[in-house]
Amino acid sequence: MATWRTSTQTLVLLCFLVLTKVNFLEAAESNTRSQNVACIERERNALLEFRKGLKDPSGWLSSWVGKDCCNWTGVNCSNTTGNVVVLHLKTMDYCGSVGHSEAFNRGTCLSGTLSPSLLNLTYLSYLDLSGNNFQGIPIPEFIGSLKTLRYLDLSHAAFIGEVPRSLGNLSYLEYLALSMVATDPLWLWASDLSWVVGLSSLQYLDLSFMNLSKANNWVEAVNMLPSLTTLDLSWCELQDFAESLTINFTSLSVLDLSCNNFNATIPRWLFNITTLQRVNLQRSEIKGSLPEVSRGSLCNLRTLDLSLNAFNGKIKGFIDALGGCGNNTLDYLDLSSNNLQGKLPDSLGNLKYLSFLRLTQNSFSGSLPWSIGNLSNLDMLDLSFNFMNGAIAESKSVVFNLNPDWVPSFSLYEIAISNCQLGPRFPTWLRTQVDAFQIILSGAGISDIIPVWFWNLTSRLWWVDLSDNQFMGKLPGSVSFEFDNITGAWVDLGFNLLEGSIPLWPNVSHLSLRNNLFSGPIPSNIGQRMSKVRDLDLSRNFLNGSIPASINEMETLSFLDLSSNCLSGTIPRNLQGLRKLVILDMSKNNLLGVVSISLCALPSLIFLKLSSNNLSGELSSVLQNCSRLFSIDLGENRFSGTIPDLVSAHLFSLTYLGLRANFLRGNIPEQLCEFPYLHIIDIAQNKLSGTIPKCLGNLKTFTYLGPYFDELPSTLHIEFREHVEIVSKGRQNEYTKIIPLLNVIDLSANDLKGEIPDHITKLSALFTLNLSWNHLSGKIPENIGNLQRLESLDLSHNNLSGPIPPSMISMTFLNYLNLSFNKLWGQIPTGNQFQTFNDPCIYEGNPELCGPPLSSSCSPPTNGAGEDENGDSEGEVEKFGLYISMGVGFAIGFWAVCGSLVIKQSWRRAYFKFIDEMKDRVYVFIAVMIAGCREKMR
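Sequence positions in the sequence shown follow mature numbering (1 follows the signal peptide of the UniProt record, and there is no 0) and run -27 to -1, 1 to 911.
In structure tokens, the structure reads:
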């Protein structure tokens, strides 16, 4: 897109300079003007006043001295009147590139304020202040009063704020550029664009990277500019398309609305603009089917980019209309990364001037039409990654059904056919593509031997990707890649069935042979023969023998992967020559011996993976001089000693620490809590003792989904995707794509004692917590439910007691739980995720747990899900104690009274005598009372 934009702007600018009514050529040649015309004093003073407000760290305006201002840098005057007509202070040459993808050095740019003294330049027609750094000041209102301006460029100059509406007063303006740099943290913005209606002469308008999210009237406003030839509103956060419009664009030829937020279908009126030559709508959230286009309406169209949207349906009608012009000039068509379906139409062959065709990442099916062979101007063809029904299918959805003797009429420079059914035989028509410098046939369903004649094409090739097929046979020992003798070729033959020994191709910078059947030793002279290689991937083969010492001579090497082979011996001690090495993976081999302390001293090394070998030695000596490492994986070896003080080793950038399955002893050092970027701690299956450090709750990266590897060093020339293997959800899993989301603590299978610290419940973004197979005691922390993103929790095989905390019901991300073989008791919580934990093995070995899914029921029944099990259990104990007390009290009272009467006869007589006397007294009392009541009633 950047190339397209640059060429468009250059073309329009040249046309503008030629056709404009102001004689800019005359102004540009002011050095040869008549000696009788001098600089006007009033305008000279205005320029000096303007300069006072500027800061000029590079001294670019040092020539602004003397009386003749027409000879000053950036100033041009009229040959006839001496008036200043051009002020060209664009500092791109001094500040570097101002492309959208690059931040440039603004330390040498002009800055400061803009003085209104420019209003005294009454004939000024050209003002260019682009590429400067005005440090967040707004565009001055007075610019709208420079009534004679025909050219105004304030782009990439760090202005912010609302664009002044006064710019609409510049009725003579023909060129207006207010675009910004993509990396600017602040923005220019406009709440509406009604002011542009006043720019009745405007031909070129570039407002890219401005915030126009509230400018709902943008279509109606720019439609009032009949002279407009170029409109660039890319990256403007536009959200609306007018559904209907009476077209007033009588001259529009270049339209760029890419990278906006339309979230709508494309309006029909857009492709009824018959003057359009270049249209870019990529990445603009446009959906629906491609618009119905009448034949002949787009005969002038040369470039069309609709990629990275959500278009669906078939393309036949649209392509038929594009090819319906007898004089169509379309040379660039990109419909990639949509949801387009169906067969590719035969009318593609009518686009006879097409040089660039990209249809990748859609859902096309069927065979490639024969008519595509008519595209004799085709330089680039990309049909890769087409899917059936929106998902990757076992069989390819685009099939190349070509005659084996077919000879295409075109000669391509770039060929990219990925994830399409090109095979099973190697395409013989490639033999005619002698001009190609890039051939990509990855995932093309080819099951064949690579023919000898293909390697004869390599003298021109610099990019070859034949990965993910079923190529068989051996590779030639010598191949000549001569297209770029300086940097070398990029070759990927991974994921095939190639066999034999490793080839030595001297002019290759990237070589991937991973996942093949190569065997034998790595050639001892590989370092001398392949001295230009920067990325070397020989992983997942059957290589044996030792690692040759000559790899130390690969001075440009930045990526080396020898993992998953059968290599033996020791790691070469002298690797100081690999000063650019960023990634080193020698895992899953049979390497043994001590790791040299010089390995970590490599100045660029940030990823070190030596796991699953037989390496030994004290860990503290291995990790000396490792201050630059991001990731260390030394697991499944025979390292001994204690975990060293990693803070003293200055490993502050560490994100992944893998030391599992070694012979480490001692306590877990509290210094682990001081690493600001640590995401994964895997020190399981060692002999570590002591308690879990409480300070683990201070690991900030475990409290949010923070950055992982934001940017790899520029010395790395491949798209590196790290893969880690961790025990999660009860099994060992390999993770690649979601590593930034992995926050893992695995302390399992050690000799840890004590309680699980409450502070660990602060780690709200923790993904996996494994504390199994230790000697932990006490209760599970009550607030463990705060671990809202926890997906895997294993506390099995410990001595934990108490009930399962009810707060665990709120852990809705949890999908693996193991609490077996502890001393937990009480009712198992129900509700939310616990409804899915219906395997009794989760709670096995806890005889006092009850409730589903266990067969033992809780008695008496509880009041429902989520009840406080601890409180209920304590209540049951209190009731039981009360009943015991009542029974004992009753027995004691009963026998204290009745027992004495039975045993002692004198007490028994006295007791019954007392009872008889009391009975007589009560009888007499009642009788007297009744008699008294009768007397009163009479």
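Where a beta carbon is used, it is the ideal one built from N, C-alpha and C, also for glycine.
- Taken through DSSP and simplified to helix, strand or coil, Phe898 comes out as helix.
- Under the DSSP definition of a beta bridge, Ala150 partners with Asp126, Asp179.
- Distance from the CA atom of Ser267 to the CA atom of Asn245, rounded to whole angstroms, is 8 Å.
- Close CB contacts of Leu490 within its chain, under the 8 Å cut and outside five residues either way in sequence, are with Leu470, Leu471, Glu472, Asn514, Phe515 (chain order).
- Relative to the Cα of Leu414, the nearest Cα in the group Leu439, Leu434, Trp402 belongs to Leu439.
- About 15 Å separates the beta carbons of Leu206 and Leu172, which is beyond the 8 Å limit, so they are not a contact pair.
- Between the alpha carbons of Gly290 and Ser164 lies a distance of about 38 Å.
- The Cβ atoms of Leu140 and Trp168 lie closer than 8 Å to each other.
- DSSP lists Asp508, Ile556 as the bridge partner or partners of Phe532.
- In the DSSP secondary-structure assignment, Trp162 is bridged to Glu135, Asn184.
- DSSP links Val717 through a beta bridge to Ile653, Thr741.
- Annotated three-state conformation of Trp242 is helix, per DSSP.
- In this structure Trp343 is exposed. Its beta-carbon is surrounded by fewer than 16 other beta-carbon atoms within 10 angstroms.
- Rounded to the nearest whole angstrom, the CA to CA distance from Leu271 to Leu201 is 18 Å.
- Distance check between Ile653 and each of Ser36, Val464, Leu645 places Leu645 closest, using alpha-carbon atoms only.
- In the DSSP assignment, Pro494 is bridged to Asn517.
- If you ignore the 5 residues before and after Leu185, its C-beta comes within less than 8 Å of the C-beta of Trp162, Ala163, Leu166, Trp191, Leu206, Cys209, Glu210, Leu211, all in its own chain and listed in chain order.
- In the DSSP assignment, Trp426 falls within the unbroken alpha helix (DSSP H) covering 425 to 428.
- In this structure, Ser571 places its C-beta atom within 8 Å of the C-beta atom of Gln549.
- Residue burial is scored here from C-beta neighbours: Cys42 has at least 16 other C-beta atoms within 10 angstroms and is therefore classed as buried.
- Runs of the beta strand (DSSP E) lying entirely within the region 390 to 468, each at least 3 residues long, are 411 to 413, 436 to 438, 445 to 447, 462 to 465 in chain order.
- The three-state secondary structure of Asn236, taken from DSSP, is coil.
- Taking a contact as a CB-CB distance under 8 Å, the pair Ser721 and Ala657 counts as one, their CB atoms being some 4 Å apart.
- One alpha carbon belongs to Ile605, the other to Tyr629, and they sit about 6 Å apart.
- Trp426 counts as exposed, since fewer than 16 other beta carbons sit within 10 angstroms of its beta carbon.
- According to DSSP, Ser750 shares a beta bridge with Asn772.
- In this structure, the straight-line span from the alpha carbon of Leu651 to that of Arg241 is close to 53 Å.
- The region 601 to 625 contains no complete alpha helix (DSSP H) run of 4 or more residues.
- Around Thr276, the same chain offers Arg251, Tyr305 as residues with beta carbons nearer than 6 Å, after the five sequence neighbours per side are excluded.
- In this structure, Asp441 and Ala389 do not form a Cβ contact; the two beta carbons are roughly 14 Å apart against a cut-off of 8 Å.
- When C-beta atoms of the region 610 to 617 are compared with those of the region 664 to 678, fewer than three pairs fall below 8 Å, so the two segments do not count as touching.
- For the set Thr460, Arg546, Ser420, the Cα lying nearest the Cα of Gln443 is the one of Ser420.
- The closest CA to that of Ser593, considering only Asn347, Phe636, Ile899, Val697, is found on Phe636.
- Leu100 carries a strand assignment under DSSP once its states are collapsed to helix, strand and coil.
- Residues of the same chain with a CB within less than 7 Å of the CB of Asn323, apart from the 5 flanking positions on each side, are Gly296 in chain order.
- Its chain contains Asp165, Gln212, Asp213 as the residues whose beta carbon lies nearer than 8 Å to that of Asn189, once the 5 sequence neighbours on both sides are disregarded; these appear in chain order.
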